[in-house]
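Each remark here refers to the structure printed beneath this line.
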Amino acid sequence: MRYDLHYLQGRQPQQKYTKLEQYKDLGLYNSEEHLIVLYIPRLISLYMMEDYDLLCVEAHQILSLMRKQVDSICTHIYYFFYALGLVARYPYASKEERKALKACLRKLKELAKRSPRNAQCSYLLIRAEWMRLKGHYGKAYKLYRQAVEALDEESGYWGAIVYERKGLFEWQLGHKHSARITLNEAYKQYNQWGIERKKAALLDRYGPQFILTNENTVTSPAALVDHMALLKATQDLSKEIDLKRLVVKLLKNVIQNAGAQKGVLILSQNGRWQIEAETVLEQDGSFASRLPGLPMDDYHGVPRLLIQYVIKTRKKWVSHDASNDTLFEQDTYMEDYQPHSVLCTPIIHQQEIIGIIYLENNLIKGAFTEDKVISVQHLATQAAISIINARLYEEMKQLNQQLEEKVKERTASLKRSQEEAMKMVAERAVLEERQRLAKNIHDVIGHSLTIAIVQLESMKRLLQVEQMDKAMEALNASLELIRLGQQEIRRSIRMLGENDLSFDLIDEINRVIHRLVENTSVEIEQHIDLLPPLDLPMKKVIYHALMEGLTNGIRHARVKKFFFSLTQDGDSVTFKLTNDGVTDKKIQYGFGLSFMEHAVNELGGTMQATIDQDLFTLQITLPLKS
1421 MRYDLHYLQG RQPQQKYTKL EQYKDLGLYN SEEHLIVLYI PRLISLYMME
1471 DYDLLCVEAH QILSLMRKQV DSICTHIYYF FYALGLVARY PYASKEERKA
1521 LKACLRKLKE LAKRSPRNAQ CSYLLIRAEW MRLKGHYGKA YKLYRQAVEA
1571 LDEESGYWGA IVYERKGLFE WQLGHKHSAR ITLNEAYKQY NQWGIERKKA
1621 ALLDRYGPQF ILTNENTVTS PAALVDHMAL LKATQDLSKE IDLKRLVVKL
1671 LKNVIQNAGA QKGVLILSQN GRWQIEAETV LEQDGSFASR LPGLPMDDYH
1721 GVPRLLIQYV IKTRKKWVSH DASNDTLFEQ DTYMEDYQPH SVLCTPIIHQ
1771 QEIIGIIYLE NNLIKGAFTE DKVISVQHLA TQAAISIINA RLYEEMKQLN
1821 QQLEEKVKER TASLKRSQEE AMKMVAERAV LEERQRLAKN IHDVIGHSLT
1871 IAIVQLESMK RLLQVEQMDK AMEALNASLE LIRLGQQEIR RSIRMLGEND
1921 LSFDLIDEIN RVIHRLVENT SVEIEQHIDL LPPLDLPMKK VIYHALMEGL
1971 TNGIRHARVK KFFFSLTQDG DSVTFKLTND GVTDKKIQYG FGLSFMEHAV
2021 NELGGTMQAT IDQDLFTLQI TLPLKS
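The opening residue of the sequence shown carries number 1421 in our numbering; numbering runs sequentially from there.
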């Protein structure tokens, strides 16, 4: 690709290189081919002067002529520079101009297939520009690299253009270090060809502190490292704690920073080496990743002898042409695939090797330059920390899962135990409810029947002395008491379902005492304090204790007088019932007293039955709820 550039050496184009009409008027051409030859340098000149608007206008004027061309060097140059002008105008280009750019790209692709040596580099660069405009930066970056790789020794100023466009792309991405290297190469080549306008444009745009004007300046490999790209990759890795996602991200970042085509991550797990991830850079710029999870002995995608060498020596290994390297020529992988550029580096954490990164590039030899190796080692250092953190996270997840399983098992066991306990509680509740019902019926029937018996005995004595009228009154009173007892039974059953508010304890106590005094000859002295609100179980215990005490006194002890009190003593309520009908010095607990004591204990209270000075006393103390 050598072309005459004398007219480009810092001078404005001559007057004869202006517009198509001027060529016609001056008669400077005798054929369409001659006109094309005259116009091509004009387009190149306009690009070098960055007059992209005029470039597109004048390129469009001869478009119809160029469509007739099949395959010539002028055709290739025309579509290349026309496309560069359209790329520069793309942000504000018309719909027709954007269609024209697509047409130029298709034409260059066609020319590249026919003549790869001449047009392949041009096609790759314009396609890279197209991907950049569409926002596909990964694909664009790959195509820029491929365009650089397609340059040859006879590329001429083509190389300067390719390096300039790639450097501009890197600059826009913020990769200042790599952009500096690339743009300095563009400046060097523009200087070599004497294109002063482009040199001046680079210096004006990026400054002398960025563009190295001294061609003898030597830059160290460490200075060539794209630190911004490394920082971004490092941050990306440090944020990931899931091991599977981490290994995929790691290989993608390593491949991008090293310029590799294939990457394999091998990790040590409990003393065994395992293929954790494999990533391949596809031709369209996308990444294809998979997670084999295979032991290294079962995987055939890496040179095992090389991997074992790096594990043993704990040192990196780089080959610029592994296919001709005799060190591992016996490795079956090397024999079968014959890779070009190979890089294998250990991942070390706290003096312990925990992994291996294996990289390949089969397109070009010497792909892994020293600066690329430095970048990979930087990423390997970060990878070591991220892998350890991810493994700790995995262990934590497993422990949490095991804990959750144990909790589930324990919960299920407790649930079964709870269900059994609830069943027992339910059975006990049924039993207690039966006992309570029996107790209520016992108290009510016993109380009513006791009074009725008293009346019937009175009637018996009256009949013996032939006092018929009074006997009839006693009989009627007994019948009335039996009917009342029947009502009491119904009321007692209904009382089992009453709530705290519906059951008035004082009213019920007064009603029982009043009825007993009316139908018997006993006397009852009572004293009731002003009490705080009591809950229903406490009310029922007090009520049934009173009925049990009165009934037993009348039935068994021929009691004539009762002393009853209900008082509050601090945080407790005291029930006290005393009678004068002591016939036996020994207190015997029957069904009524036994059940009553159980009910009192259930409420946290105490019950005492005592005999003192011929007086029987039943005392119950119940705690008040706070």
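For glycine and all other residues, C-beta sits at the position ideal for the given N, C-alpha and C.
Please read these numbers as outputs of a predicted model, since none were measured by experiment.
Who are the Cβ neighbours of residue i in its own chain at under 6 Å, not counting the five residues just before and after it?
i       : result
LEU1666 : GLU1660, SER1806, ALA1810
ILE1497 : ILE1460
ILE1773 : ARG1734, PRO1766
TYR1813 : ILE1661
PRO2043 : SER1992, GLY2024
GLY1579 : LEU1571, GLN1609
TYR1502 : ALA1479, CYS1524
Beta strand (DSSP E) containing residue i: first to last residue?
i       : result
GLN1694 : 1692-1701
PHE1707 : 1707-1710
For residue i versus residue j, is the C-beta distance shorter than 7 Å?
i       : j       : result
ALA1548 : ALA1539 : no
THR1987 : ASP1949 : yes
LYS1792 : THR1765 : no
PHE1984 : LEU1997 : yes
GLY1705 : LYS1562 : yes
ALA1803 : LEU1711 : no
GLU1696 : LEU1685 : yes
VAL1411 : SER1709 : Beyond the ends of the chain as shown, which are 1421 and 2046, falls residue 1411; an answer cannot be given.
ASN1781 : SER1761 : yes
LYS1652 : PHE1707 : no
LEU1763 : PHE1748 : no
ALA1606 : GLY1627 : no
ILE1776 : ILE1727 : yes
VAL1475 : LEU1463 : It should be noted that the sequence gives Leu, not Val, for residue 1475. Yes, they are a contact pair.
GLU1577 : TRP1550 : Looking at the sequence provided, one finds Tyr at residue 1577 rather than Glu. No, they are not a contact pair.
VAL1568 : LEU1545 : no
LYS1785 : ASP1741 : yes
VAL2020 : GLY2001 : no
TYR1543 : LEU1521 : no
GLY1713 : THR1699 : no
What are the boundary residues of the alpha helix (DSSP H) that residue i is part of?
i       : result
ILE1944 : Looking at the DSSP string, ILE1944 is not in any alpha helix (DSSP H); the run it does join, the beta strand (DSSP E), is 1943-1948.
LEU1663 : 1663-1678
HIS1934 : 1925-1939
VAL1730 : 1724-1733
ARG1597 : According to the sequence displayed, residue 1597 carries His and not Arg. Note, HIS1597: alpha helix (DSSP H), 1596-1612.
ALA1539 : 1536-1553
LYS1785 : LYS1785 -> no alpha helix (DSSP H), and no H or E assigned at all.
TYR1564 : 1557-1569
ALA1620 : 1616-1626
ILE1581 : 1578-1593
MET1380 : Beyond the ends of the chain as shown, which are 1421 and 2046, falls residue 1380; an answer cannot be given.
GLU1660 : Taken as a continuous stretch (DSSP letters only), GLU1660 belongs to no alpha helix (DSSP H), as it is neither H nor E.
THR1752 : 1752-1757
According to DSSP, which residues form a beta bridge with residue i?
i       : result
HIS1769 : GLU1772
VAL1762 : SER1739, GLU1780
PHE1983 : GLU1945, THR1998
PHE2036 : ASN1999, ILE2031
GLY1683 : THR1699, LEU1779
LEU1474 : DSSP, once it has assigned bridges, lists no residue as partnering LEU1474.
THR2026 : THR2041
LEU1714 : ILE1695
SER1514 : Answer is none; SER1514 lacks a bridge partner.
GLN1797 : For GLN1797, which the question treats as bridged, DSSP gives no partner whatsoever.
SER1465 : DSSP output for SER1465 lists no bridge partner at all.
Grab me the residues of residue i's own chain with a C-beta within less than 8 Å of its C-beta, minus the 5 sequence neighbours each way, in chain order.
i       : result
GLY1447 : A caution first: GLY1447 carries a pLDDT of 48, below 50, which makes its placement in the model too unreliable to give a value.
SER1658 : GLN1802, ILE1805, SER1806
Return the chain-ordered list of same chain residues with a C-beta closer than 7 Å to the C-beta of residue i, the five sequence neighbours on each side being excluded.
i       : result
LEU1504 : TYR1467
LEU1593 : TYR1557
GLU1590 : SER1598, ALA1599, THR1602
LYS1664 : LEU1711
VAL1937 : ILE1944
Please tell me whether, using a cut-off of 6 Å, the distance from the CB of residue i to the nearest non-hydrogen atom of the ligand MN is below it.
i       : result
GLN1838 : Summarising the ligand content, the structure contains no ligands, and the ligand MN is consequently not present.
(Q) Does the contact criterion of 3 or more C-beta pairs under 8 Å hold for the stretch 1765-1772 versus the stretch 1748-1755? (A) no
Q) Are at least three pairs of beta-carbons, each pair with one atom in the stretch 1468-1477 and one in the stretch 1504-1512, less than 8 Å apart? A) yes
Q. Any contact of the stretch 1715-1724 with the stretch 1671-1679, i.e. 3+ C-beta pairs under 8 Å?
A. no
Q | Inter-stretch contact (C-beta, 8 Å, three-pair minimum) for the stretch 1965-1979 and the stretch 1932-1945 | A | yes
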